[in-house]
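Step one of this worksheet: look at the structure below.
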Amino acid sequence: MGTPDLNAEIREFLSTRRARITPEQAGLPAYGGNRRVTGLRREEVAMLAGVSVDYYVRMERGGLGGASESVLDALADALRLDEAERTHLYALAEESGARGRSRHRPAPTAVRPAVQQMLDAMTDAPAWVRNGRHDILAMNQLARALYSPVLAVPGRPANTTRFVYLHPDEARDFFVDYDRIAADAAAMLHLEAGRNPHDKALIALVGELSTRSETFRQRWASHDVKFHRSGQKRLRHPVVGQLDLDFESMELSSAPGLQLNVYTAAAGTPTADALKLLASWAASQEQLPTETAPASAG
124 MGTPDLNAEI REFLSTRRAR ITPEQAGLPA YGGNRRVTGL RREEVAMLAG VSVDYYVRME
184 RGGLGGASES VLDALADALR LDEAERTHLY ALAEESGARG RSRHRPAPTA VRPAVQQMLD
244 AMTDAPAWVR NGRHDILAMN QLARALYSPV LAVPGRPANT TRFVYLHPDE ARDFFVDYDR
304 IAADAAAMLH LEAGRNPHDK ALIALVGELS TRSETFRQRW ASHDVKFHRS GQKRLRHPVV
364 GQLDLDFESM ELSSAPGLQL NVYTAAAGTP TADALKLLAS WAASQEQLPT ETAPASAG
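Per my numbering, residue 124 is the first one in the sequence shown, and the count goes up by one each step.
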């Protein structure tokens, strides 16, 4: 994000957060029945945060750089931000205060051999590593089998968010909860854009998705942000059918910016049996598409 874009991001993020809170929810009297704004007015946010109206207006116009931690905390409380939204607010404030100073931190594009060894040693659970742009950098064989529909589409590095938005028919077949997956993917990417706004490849990815997908443009305009740490994911695999998986996502401390994702299923469940069947199927294949290249047609 350049300076004008950063100002716009701050303005849209704060205005969309206050628009979702009614005066009643904030414990404020709603005088008059013909309010011109959805949600809270700027002066109401200023009062809740304990700052002057002029100061809040300056912040919403992009002037977050000089705000103290206590002011940011009060603003986050006033807007009822969750942990991901608070993280995004602090990242925007840091970037606002760093104007003119490069903080470019390119997302890693490869893993160390020891990381691949770790993945390959995990034979009973699909496991893979991605960067903040959602590029798939390394996988074990079971993950390649599980994500074979994602890896089957052209273009490398394989990217889960590009698959979701630019191959929607295939993605709807694969992800049972496609709409939630699509919303989460855009929100996670928006969080990464706040943390690493000068990543040229990330800027290019957002531009590509915005140009080619109306759905992505709408999701991006909501300015939602979200962590992706754990939960459930339902996949519809073309070989073994539906899989109801638990996932854990954790940062690799030895490689900041990389996330390890591991899928499991409780023992004795149909999904656990399906994972065993998937492993057998993968072992029978002469060639599976990989994170570096799709399977050869020959």
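Using N, Cα and C, we set each Cβ at its ideal position, and we do this for glycine too.
Practice prompt. Could you name the residues of the same chain whose beta carbon sits closer than 8 Å to that of P277, not counting the 5 residues immediately before and after it, in chain order?
Written response: Scanning its chain for C-beta atoms nearer than 8 Å, with the 5 sequence neighbours on each side dropped, one finds around P277 the residues P417, in chain order.
Discussion item. In the DSSP assignment, the alpha helix (DSSP H) including V174 goes from what residue to what residue?
Written reply: It is not in any alpha helix (DSSP H) - V174 carries neither H nor E in the DSSP assignment.
Item to complete: With Q341 as the anchor, note down where its beta strand (DSSP E) starts and where it stops.
Response: Not the beta strand (DSSP E): Q341 falls in the alpha helix (DSSP H), residues E337 to A344.
Item to complete: Note down the Cα distance separating A310 from W343, rounded to an integer number of angstroms.
Response: Approximately 7 Å between the Cα atoms of the pair.
Fill in: Euclidean distance between Cα positions of L198 and R181
Each residue's alpha carbon lies about 13 Å from the other.
Worksheet entry | Endpoints, alpha helix (DSSP H) assigned at H321 | H321: not part of any alpha helix (DSSP H); DSSP gives it neither H nor E.
Worksheet item: Mind checking S191: buried by the 16 CB within 10 Å criterion, or exposed?
Response: So S191 counts as exposed.
Item to complete: Enumerate, from N- to C-terminal direction, the unbroken alpha helix (DSSP H) stretches of 4 or more residues contained entirely within the region 185 to 256.
Response: Counting only unbroken stretches of 4 or more residues, the alpha helix (DSSP H) elements lying wholly within the region 185 to 256 are 192 to 201, 206 to 220 and 236 to 244, in sequence order.
Practice prompt. Tell me the start and end of each unbroken beta strand (DSSP E) in the region 367 to 414 that is at least 3 residues and wholly inside, in chain order.
Written response: Entirely contained in the region 367 to 414, the beta strand (DSSP E) runs reaching 3 residues are, in chain order, 381 to 387.
Practice prompt. Give the DSSP-derived three-state secondary structure of G421 in the structure shown.
Written response: Note that G421 scores a pLDDT of 48, beneath 50, so its modelled location is shaky and nothing firm can be said.
Worksheet item: When the Cα atoms are used, what is the spatial distance from G421 to K399?
Response: For G421, the predicted model reports a pLDDT of 48, less than 50, meaning its position is unreliable; a value from the coordinates is still stated below. Using only the alpha carbons, I get a separation of about 28 Å.
Worksheet item: For the alpha helix (DSSP H) that contains A261, what are its first and last residues?
Response: A261 -> not in any alpha helix (DSSP H); beta strand (DSSP E) instead, spanning I259 to M262.
Discussion item. Just list the residues that DSSP pairs S353 with in beta bridges.
Written reply: Its beta-bridge partners are E371.
Practice prompt. Determine contact between the region 368 to 377 and the region 348 to 357, defined as no fewer than three beta-carbon pairs at a distance below 8 Å.
Written response: Three or more beta-carbon pairs separated by less than 8 Å link the region 368 to 377 to the region 348 to 357, which places the two stretches in contact.
Fill in: Same chain, Cβ closer than 7 Å to F339, five either side skipped, listed in chain order
Counting only Cβ-Cβ distances below 7 Å, and skipping sequence neighbours, we find Y288, A309, L332 and S333.
Discussion item. By the three-class DSSP mapping on this structure, what secondary structure does L151 have?
Written reply: Taken through DSSP and simplified to helix, strand or coil, L151 comes out as coil.
Item to complete: Let me know the secondary structure DSSP gives G364 once reduced to three states.
Response: For G364, the three-state secondary structure derived from DSSP is strand.
Item to complete: Can you tell me which of the three DSSP states L358 falls into?
Response: In the structure shown, L358 sits in a strand (DSSP, three-state: E or B).
Worksheet item: Which partner residues of N282 appear in the DSSP bridge assignment?
Response: D258, per the DSSP bridge assignment.
Discussion item. For A294 and L204, I'd like the C-alpha separation in whole angstroms.
Written reply: C-alpha of A294 to C-alpha of L204: approximately 31 Å in a straight line.
Worksheet entry | Residues that A298 bridges to, as DSSP identifies them | What sits at residue 298 in the sequence shown is Phe, not Ala. DSSP lists L358 as partners of F298.
Worksheet item: Taking buried to mean at least 16 other C-beta atoms within 10 Å of its own C-beta, is E414 buried or exposed?
Response: Result: buried.
Worksheet item: Is it the case that the Cβ atoms of L366 and A405 are separated by a distance below 7 Å?
Response: Contact: no.
Item to complete: Note down the Cα distance separating S175 from I133, rounded to an integer number of angstroms.
Response: Taking the straight line joining both Cα atoms gives about 18 Å.
Worksheet item: Nearest-angstrom Cα distance between M124 and R209?
Response: Since pLDDT at M124 reaches only 46, below the 50 mark, its modelled position is unreliable, and the value read off the structure follows with that caveat. The C-alpha of R209 is placed about 19 Å away from the C-alpha of M124.
Worksheet entry | Classification of G162 by the beta-carbon crowding that lies within 10 angstroms, buried from 16 upward | Buried.
Worksheet entry | Start and end residues, alpha helix (DSSP H) containing P277 | Here P277 belongs to no alpha helix (DSSP H), and DSSP marks it neither H nor E.
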